[in-house]
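J.:
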Amino acid sequence: MSVRLMVLNGPNLNLLGVREPHIYGTTTLAAIEASCREFGGAAGIAVAFHQSNHEGALIDLVHQARSAADAIIINPAALSFTSIALLDALKAFEGPVVEVHISNIHARDELHSRSIISSVARCVICGAGPYGYVLGLQAAANLLNALPLSLSPQAGRGNAPTAR
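Numbered according to this note's numbering, the sequence shown terminates at residue 167, and the numbering increases by one at each position without gaps.
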């Protein structure tokens, strides 16, 4: 496996499946991790999967990703709307950043509708539910030109814009 993707999950995502199921559904974070690992195995991609309720721990993981990952897929959760520190850490990461949200944040209340993290993301996926994580992995691999043709139509390869 030559491509390394790091999946980061922010505060309270460890409570998926029980926290506000009317917004986030009943799928657990463990089930999402299993889906990500299954996709990674099928695509020949190494997947590191982390969750923390602590901003500093997530920042440390972003710093670690500078040498341990080719791309970051991140669901910053509530930090999406508040964390300049996480934003600055992601700016220092040289690979693509893919932001994932289970709900469609654009259709939510004013407090939950504008992510500051999106300004550093090459791709933002929201509203696809837990499947958004697999889409995030696929998008990151495609941005790295590392998605096997068997998992993506050839017409979609290499056509990703380079600007953020």
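Beta carbons are placed, not taken as given, at the ideal position from N, Cα and C, and that holds for glycine. All of these numbers come straight from a predicted model, not from anything done at the bench.
Could you check the C-alpha separation between I76 and Q54 for me, to the nearest Å?
T.: Against the sequence shown, residue 76 aligns to sequence position 73. Against the sequence shown, residue 54 aligns to sequence position 51. One C-alpha to the other measures close to 12 Å.
J.: According to DSSP, simplified to helix, strand and coil, what is H104?
T.: Indexing the sequence shown from 1 puts residue 104 at position 101. Note: H104 maps to strand in three-state DSSP.
J.: Distance, Cα to Cα, A71 vs Q141?
T.: If you number the sequence shown from 1, residue 71 lands on position 68. If you number the sequence shown from 1, residue 141 lands on position 138. The straight-line gap from Cα to Cα measures roughly 19 Å.
J.: Can you confirm whether the stretch 90-101 touches the stretch 122-137 when touching is taken to mean that 3 or more C-beta pairs between the two stretches lie within less than 8 Å?
T.: The stretch 122-137 is in contact with the stretch 90-101.
J.: Less than 8 Å between C-beta atoms, sequence neighbours within five positions excluded: which residues of the same chain meet that for L90?
T.: Your numbering for residue 90 matches position 87 in the sequence shown. Hits under 8 Å: I119, I120, S122 and V123.
J.: Taking L8 as the reference, give the member of E36, A45 and F52 with the closest Cα.
T.: Reading the sequence shown from its first residue, position 5 is the one you call residue 8. The residue with the shortest Cα to Cα distance from L8 is F52.
J.: Whole angstroms is fine: what's the gap from L18's alpha carbon to A131's?
T.: Residue numbering aside, residue 18 sits at position 15 when the sequence shown is read from its first letter. Residue numbering aside, residue 131 sits at position 128 when the sequence shown is read from its first letter. Spanning the two alpha carbons is a distance of roughly 18 Å.
J.: Could you give the DSSP three-state label for R7: helix, strand or coil?
T.: Your numbering for residue 7 matches position 4 in the sequence shown. Strand, per DSSP.
J.: Quick one, which of L11, A143, G139 and E41 has its alpha-carbon nearest Q67's?
T.: As a position in the sequence shown, residue 67 is number 64, starting the count at 1. Closest by alpha carbon: L11.
J.: Are Y27 and S106 close, meaning C-beta to C-beta below 8 Å?
T.: Taking the sequence shown and counting its residues from 1, the one referred to as residue 27 is at position 24. Taking the sequence shown and counting its residues from 1, the one referred to as residue 106 is at position 103. Yes, they are a contact pair.
J.: N78 lies in the beta strand (DSSP E); which residues open and close that run?
T.: The residue given as residue 78 occupies position 75 in the sequence shown. Taken as a continuous stretch (DSSP letters only), the beta strand (DSSP E) holding N78 covers A74 to N78.
J.: What is the DSSP secondary structure of A158, reduced to helix, strand or coil?
T.: The sequence position of residue 158 within the sequence shown is 155, counting from 1. Interpretation of A158 is limited by its pLDDT of 47, a score under 50 that renders its predicted location unreliable; no figure is taken from the coordinates.
J.: Between the Cα of E41 and the Cα atoms of P79, V137 and C129, which residue gives the shortest distance?
T.: Position 38 of the sequence shown, counting from 1, holds the residue named residue 41. Selected option, being the one with the closest Cα: V137.
J.: Does the Cβ of H104 have 16 or more other Cβ atoms within 10 Å, making it buried, or fewer, making it exposed?
T.: Along the sequence shown, one-based indexing puts residue 104 at 101. Answer is buried; the Cβ neighbour count reaches 16.
J.: Return helix, strand or coil for H53, following the three-state DSSP convention.
T.: To locate residue 53, count along the sequence shown from 1; it is residue 50. H53: strand per DSSP, three-state reduction.
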